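The numbers in this note's numbering rise by one with no breaks, and the one at position 33 of the sequence shown is 33. A virtual CB, placed ideally from N, CA and C, is assigned to each residue, including glycine. It should be emphasised that the depicted structure is a prediction, and the values quoted were computed from it without experimental measurement. Below is one structure; the comments refer to it alone.
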Amino acid sequence: MSWKRIISGILAIAVALGLILLGSWYFTLGFAIVVYLGQLEYFELVRAKDMAPAAKTTLVISQLLLIAATVAPNLVDVIFSLGGTGICFYLLFQPKLATIADISTSLLGLFYGGYLPSYWIQIRENMPIATRLSPQTGTLPSVPETIVANLGTKLVPNPEQVFDVQSLDILLTNNSWLDWFHPLVFSPNLKITLLAFSCIWAADIGAYFIGKFFGRTRLSAISPKKTVEGAVFGTLASVAVGMIGAWSLTWSNWFLGGVGLGLLIGITSLLGDLTESVMKRDAGVKDSGHLIPGHGGILDRTDSYVFTAPVVYYFLTLLLPFIPVISWG
């Protein structure tokens with residue numbers, strides 16, 4: 001057991017928790033730094049294969065994607081499309097004739113390292129959430145009388161009625177000590193982000209320890225240390241956390257919702273890990289970098305989060321609102 005790996009993992013989770021709880025530009029700035037460092041590692045892997053991607057241009061466009069995800073999420077797809085077009089045009093005018101590999105790796109860097117991670121910012125900051133009033137009381141949780149929640153929609157006493165939350169602005173009395181804590185109390189986006197990250201953490205930690213001590217069956221030649229036992233337990237751990245989270249958030253059908261979310265996160269985080277392993281094997285390196293003791297580089301620590309972000313986003317916005325209809329008939 002590597003104590004260096006455990007300690008650095010705990011510190012990484014603590015930093016992530018702090019940024020998630022703070023939200024707003026704190027979360028975006030922290031995320032932007034992680035994305036920037038991760039893309040630097042990605043382009044080092046690409047250059048190890050003698051390719052010449054448009055690294056600097058891709059880095060800039062990726063940061064624009066993160067900013068747009070914070071302040072104008074409707075522009076994310078626009079920036080991604082036009083940015084990808086701009087990258088292709090940029091490569092046309094380089095001294096060295098660009099290759100298909102140069103173009104492909106540049107666009108993959110934008111997609112993998114910028115566009116997909118931007119979904120986490122949308123989830124934390126401005127994702128529209130189909131939510132419900134508490135089925136036990138039909139009301140929002142009790143809060144101090146000084147707090148007024150403006151949900152941007154008309155609240156209804158019917159606990160079975162769904163309403164969309166576009167944003168959650170908390171209006172506090174002046175100079176209230178609750179100003180700093182209001183995201184912790186009210187934001188549905190904060191709770192969803194914490195739940196999704198917790199599922200990933202459960203999957204990673206469960207897979208690591210069970211695989212290390214009880215794993216016998218190799219999962220894939222792509223990553224020899226991963227085992228079937230670890231993968232199965234990690235996915236089950238994600239499902240368990242998903243169910244607990246869905247129940248605590250009083251989802252109308254917490255069982256199906258929690259199982260669905262946890263299962264998707266568990267599987268997607270594993271496949272994201274394997275995807276990065278493919279890149280490393282092709283580049284002929286063991287780790288993407290050496291920034292995090294016991295883990296390797298930024299990509300080694302965040303590969304489980306990349307593909308998970310859009311899966312969580314679209315599960316919550318497209319599938320979850322229909323689960324009660326499907327299950328109740």
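Under the DSSP assignment, residue 227 falls in the beta strand (DSSP E) whose first and last residues are 223–227.
Comparing C-alpha distances from residue 26 to each of 47, 8 and 67 shows the shortest one belongs to 67.
For residue 193, the CB contacts under 7 Å within the same chain, skipping 5 residues up- and downstream, are 20, 123 and 124 in chain order.
Its Cα nearest to that of residue 217, the residue 230 stands out among 206, 230 and 205. When C-beta atoms of the segment 220–229 are compared with those of the segment 237–257, fewer than three pairs fall below 8 Å, so the two segments do not count as touching. Shown here for residue 319: same chain residues with a beta carbon closer than 8 Å to its own, the five before and five after excluded, namely 260 in chain order. Looking only at 297, 207 and 128, the smallest Cα-Cα distance to residue 315 is reached by 128.
Here the alpha carbons of residue 269 and residue 308 stand approximately 6 Å from one another.
Between residue 199 and residue 266, the C-beta gap is smaller than 9 Å, which places the two residues in contact. Bridge partners of residue 292 according to DSSP: 296. Counting of Cβ neighbours within 10 angstroms places residue 82 among the exposed residues, the total staying below 16. According to the DSSP assignment, residue 45 belongs to the alpha helix (DSSP H) that extends over 24–47. When DSSP states are grouped into helix, strand and coil, residue 116 belongs to the coil group.
Between the alpha carbons of residue 97 and residue 6 lies a distance of about 46 Å.
Annotated three-state conformation of residue 97 is coil, per DSSP.
Following the DSSP letters along the chain, one finds residue 281 in no beta strand (DSSP E) but inside the alpha helix (DSSP H) bounded by residues 254–283. Bounds of the alpha helix (DSSP H) holding residue 82 are 76–92. Taken through DSSP and simplified to helix, strand or coil, residue 190 comes out as helix.
With contacts defined as CB atoms closer than 9 Å, residue 4 and residue 321 fail to qualify as a contacting pair.
Under the three-pair Cβ rule at 8 Å, the segment 41–53 counts as touching the segment 277–297. The C-alpha of residue 295 is placed about 8 Å away from the C-alpha of residue 8. Comparing C-alpha distances from residue 80 to each of 17, 92 and 64 shows the shortest one belongs to 64. Pairing residue 109 with residue 28 gives a Cβ-Cβ distance that is not under 9 Å.
DSSP places residue 218 within a strand segment (E or B) once states are collapsed to three. Note on geometry: alpha-carbon atoms of residue 119 and residue 312 lie some 9 Å from one another.
For the 9 Å CB-CB criterion, residue 233 and residue 196 do not form a contact.
Restricting attention to 38, 201, 18 and 126, the CA atom closest to the CA of residue 74 is found in 126.
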